[in-house]
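The block underneath contains the structure these notes are about, expressed in structure tokens.
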Amino acid sequence: MTPFSLFLHFMIYGFLCFGGGYMLIPFITSDLVNGGYLSQSAFANLSSIAQITPGPIGLNTATYVGFLQSGVFGSIAASLGLVTPAFLLVIAALKLLKRYKDTVWIKGFLAGMKPASLGFTCAALLIFAGMSIFTSSLPFADWFKGVWTSVGIRWWALPVTALAAVLLKKTKIPFPVVLLICALCGAFLLK
Amino acid sequence: MSQENKSEVITPPGNWQLDLSLFLAFLKIASVTVGGGYAILAAAREEFVERRRWLSDDDFSEMMTVIITVPGLLAINSAIYLGWRLHRFTGAFAAAFGALLPSVTVIMLIAAGLSAITGFLQSPWVQGAFKGILCGIIAMIGLSAVKMGKSNLKNLFDWCVVIVSIVGIAAYHWNPAILIVCAIAAGILKVSLGEGKKQEEKQ
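Chains as they are written, first to last, in the numbering used here: chain H, 1 to 191; chain Y, 192 to 394.
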């Protein structure tokens, strides 16, 4: 694919990934893998790389696929394609919100989405806990069925989390420094 | 946006230095966080609400509703939203560029076949460090969830929406898009029923 067609492909994904970057994965498998642009093994490789690197999984995918297709320009074209819709949509949403803020629609939207965004944040907290404090994701679905499935705990993660919370809340230490301290603790205690 | 919150908020001067600090702030946030979207949001809250005071708690909650609803990556959406609010187009470009740069660079190096980087990232030390950073991020998300809870949990309706979305996502892996649509529909229904009641009382 040329950088231009990469840009267009990823721009379409950008319009469609409703609900965050993870929603990109089905599009990528059906479109790029089945279309022969990305091999099954490269896709598996990509998923594992996305888990061990910082940054949004959707963006990592765009950069990686873009590079495999046409080098540095491909990477840049695919990433820009992915974020272009966000510019249009976020700015349009801000304007709509301001203009119609006294209508039932916007009041209702805020009434529903404020608690939902808190819920999503708490869910993210549990998912991250499954990747660090616990040795696997928490099997709530089993627990609700009344089936007791046990989960391993990395005991050292608990004091590290508590230390981070105290440093963030009680001291003026900037958060990158707090995260660096956590990284050092993790490298020695959680490897 | 209540009055007492507004008085605490600092309005930064709208010049090129604002673009530069937006770029650097998002570059910093995107380089030190692991885990994507919600991790970056908690870091952005720490940076823009707690430290710089450029946004109030209410502004941040409103931002969350918009960037979760609009299609796209949370990290990029939040950069565009904050950048646009603080300094229109140039702010949005600067913030989004800062958020993009770290992961695009790292992935390009990996894709370029620098297997040394992949090996380095897979080493137990680095994996341990990532787990440690995740612990810090859990603390950061936890603190922001407590703050959000104080302003967002006002009645039974709010509690129901929060619990349904936590259980739906964390336990049953529902598609977040479906939850978003349901939450908006429930909110509109609640507000229109509430407005109807108010009008009846007036009559």
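Ideal Cβ placement from N, Cα and C applies to all residues, glycine included.
When you compare each of H/Arg154, H/Leu126, H/Pro115 to Y/Gly323 by their alpha carbons, which one comes out closest? H/Arg154
Tell me the rounded alpha-carbon separation between Y/Leu334 and Y/Gly340. 10 Å
Bounding residues of the alpha helix (DSSP H) (the contiguous stretch that carries H/Ala194): A query on residue 194 of chain H cannot be resolved here, the shown segment of chain H reaching from 1 to 191 and no further.
Counting only beta-carbon separations shorter than 8 Å, does Y/Lys219 have a partner in chain H? For Y/Lys219, at least one C-beta of chain H is nearer than 8 Å to its own C-beta.
Beta-carbon spacing of H/Phe10, Y/Ile259 below 8 Å: no
Taking Cβ positions, are Y/Val382 and H/Ala157 nearer each other than 8 Å? no
Write down every uninterrupted run of the alpha helix (DSSP H) in the segment 205-273 of chain Y whose length is 4 residues or greater and which is fully enclosed by it, in chain order. 207-223, 228-236, 248-260
With H, G and I counted as helix, E and B as strand and the rest as coil, what does DSSP make of Y/Ile324? In the three-state scheme derived from DSSP, where H, G and I count as helix and E and B as strand, Y/Ile324 is classed as helix.
Checking contacts by CB at 8 Å: is Y/Val240 closer than that to chain H? no
Under three-state DSSP, which class holds H/Phe134? strand
By Cβ distance below 8 Å, which residues in the same chain neighbour H/Phe134 in space, the five residues on each side in sequence not counted? Val151, Gly152, Ile153, Arg154
Tell me the DSSP secondary structure of H/Ile153 in three-state form. strand
Using the beta-carbon of each residue, which ones in chain Y are nearer than 7 Å to H/Leu8? Under the 7 Å cutoff, chain Y gives no residues; its nearest Cβ is about 16 Å from H/Leu8.
Using a Cβ cut-off of 7 Å, pull out every chain Y residue sitting near H/Asn60, in sequence order please. Under the 7 Å cutoff, chain Y gives Ser294, Ile298.
Taking C-alpha atoms, which residue in Y/Ser222, Y/Glu237, Y/Gly228, Y/Gln313 lies nearest to H/Thr167? According to the sequence provided, residue 167 of chain H is Leu. The question's Thr does not apply to it. The residue with the shortest Cα to Cα distance from H/Leu167 is Y/Glu237.
Through-space distance from Y/Leu292 to Y/Val223, alpha-carbon basis: 12 Å
Take H/Phe175 as the anchor and find which of Y/Val200, Y/Lys388, Y/Ile231, Y/Trp207 has the nearest alpha-carbon. Y/Ile231
With a Cβ-Cβ cutoff of 8 Å, do Y/Phe239 and Y/Phe288 count as a contact? no
Does DSSP classify Y/Tyr363 as helix, strand or coil? coil
Kindly indicate if chain Y contains any beta-carbon less than 8 Å away from that of H/Pro3. no
Determine the direct distance from the alpha carbon of H/Phe109 to that of Y/Gly378, and round the result to whole angstroms. One alpha carbon belongs to Y/Gly378, the other to H/Phe109, and they sit about 6 Å apart.
If I'm right that Y/Ser294 touches H/Pro115 with Cβ under 8 Å, what's the distance once you round it to whole angstroms? In fact, because the Cβ distance is near 30 Å, the residues do not count as touching under 8 Å.
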